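These notes concern the structure reproduced below.
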Amino acid sequence: MSFQENKMLIMPAVDIKNGKCVQLVQGEPGTEQVIIENPEKVAKKWEDMGAEVVHVIDLDGALESTTNIETIRKVLDEVSVPIQLGGGIRSIEYAEELLNLDIDRLIIGTMGIKNPETITKLSDEYGSERVMISLDSKDNKVVIKGWQEKIDKSATEISKEFQDLGAGSILFTNVDVEGLLGGFYVDPVIDLVNSVDIPVVYSGGVTSLDDLKQLQTTGAKGVVIGSALYKDKINLVDALKFQEIK
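All residue numbers for the sequence shown refer to the working numbering, where the first residue is 11 and numbers rise by one.
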């Protein structure tokens with residue numbers, strides 16, 4: 011899966027916790043708003059509705075020390091479109107295991123920020139287009155370890171560094187608005203897009219088709235939509251009409 015000129019990929023989210031598809035509020039455990047059995051069936055539903063890529067997050071991996079590798083395998087078996095996966099990738103060995111399972115793009119967060127050389131190693135071995143750095147922002151500072159720990163730099167301040175290290179794209183999540191279904195802030199997205207030459211995918215607070223229309227103006231090459239789909243604020247078929255930027 012590659013990013014294209016004049017296209018903003020619409021990426022439905024499948025967040026996995028305890029083997030189920032869930033939606034949390036601002037990533038906080040215990041705030042599950044949606045719980046659905048068989049995440050692989052949910053991913054297949056999004057594919058059947060026209061999604062060209064599915065965004066999968068292993069919340070147990072991100073928040074705890076366990077992983078949902080068996081459920082991830084089921085998702086890979088069920089769908090044929092590319093899978094973009096993140097959550098709990100704490101070692102090169104696990105990253106390589108996932109990439110060898112044919113995960114199309116791996117989202118590296120905490121490990122990449124704590125050990126930047128891992129981005130270069132994975133990029134050199136598998137190609138930069140398969141390595142995405144996750145820059146999650148809270149109060150304009152990057153947060154790691156499932157959004158539990160803050161570092162003293164903004165996403166814009168460190169974005170170019172990760173481009174130079176070999177990351178092929180950036181996932182930018184604004185935790186301040188994530189899961190709240192209240193829209194998003196445009197300026198941080200524009201600032202980040204303008205700071206690098208690699209594609210930026212945005213996540214957080216996208217709640218309406220108007221939000222998608224506004225996001226088209228930022229230069230983002232993709233957008234992850236979670237709660238708004240699961241709570242019927244946005245219909246995926248309608249959202250997909252915003253993939254082509256006219």
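We put the CB at the ideal spot given by N, CA and C, even for glycine.
The model shown is predicted, which means the values in this text are computed figures rather than measured ones.
How is residue i classed by DSSP in three states: helix, strand or coil?
i, result
"M142", "strand"
"R83", "helix"
"V206", "coil"
"I45", "strand"
"Q94", "strand"
"M18", "coil"
"D264", "It is not possible to answer for residue 264, since the shown part of the chain is limited to 11 through 256."
"L116", "strand"
"G229", "coil"
"I235", "strand"
"P198", "helix"
"I99", "coil"
"I133", "In the sequence under discussion, the amino acid at residue 133 is Ser, which differs from the Ile named in the question. S133 falls in the helix class under three-state DSSP."
"K241", "coil"
"N125", "coil"
"V89", "coil"
Select from the options the residue whose C-alpha is nearest the C-alpha of residue i.
i, options, result
"C31", "K256, I255, E254, L239", "L239"
"S218", "P198, D242, K231", "D242"
"A230", "G215, D201, N150", "D201"
"E47", "D58, N28, M59, G60", "N28"
"I208", "K163, K170, F194", "K170"
DSSP puts residue i in a beta bridge; with which residues?
i, result
"S169", "The partner list for S169 (beta bridge, DSSP) is empty, contrary to what the question assumes."
"E62", "DSSP output for E62 lists no bridge partner at all."
"L74", "For the record, residue 74 in the displayed sequence is Glu; it is not Leu. Beta-bridge pairing links E74 to no other residue."
"S164", "For S164, which the question treats as bridged, DSSP gives no partner whatsoever."
"T183", "D146, S213"
"K27", "K30"
"G254", "Before going on, a small fix: residue 254 reads as Glu here, not Gly. Partner(s): K17."
"I154", "E159"
Roughly how many angstroms lie between the CA atoms of residue i and residue j, to the nearest whole one?
i, j, result
"N184", "V234", "11 angstroms"
"V24", "L246", "13 angstroms"
"L95", "L109", "10 angstroms"
"V196", "L73", "28 angstroms"
"E106", "L132", "8 angstroms"
"I79", "K223", "35 angstroms"
"S12", "L19", "10 angstroms"
"P126", "P22", "28 angstroms"
"Q226", "N204", "14 angstroms"
"E188", "S213", "7 angstroms"
"I26", "L175", "29 angstroms"
"S101", "T76", "13 angstroms"
"V211", "G232", "4 angstroms"
"K51", "V64", "12 angstroms"
Below 8 angstroms on the Cβ atoms is my guess for residue i versus residue j; work out the distance and round it to an integer in Å.
i, j, result
"S144", "L181", "5 angstroms"
"I129", "D114", "Incorrect: roughly 17 angstroms between the Cβ atoms, too far for contact."
"M142", "S179", "5 angstroms"
Hey, is residue i's beta-carbon within less than 9 angstroms of any beta-carbon in chain C?
i, result
"Q173", "The chain inventory of the structure shown lacks chain C, comprising one protein chain alone."
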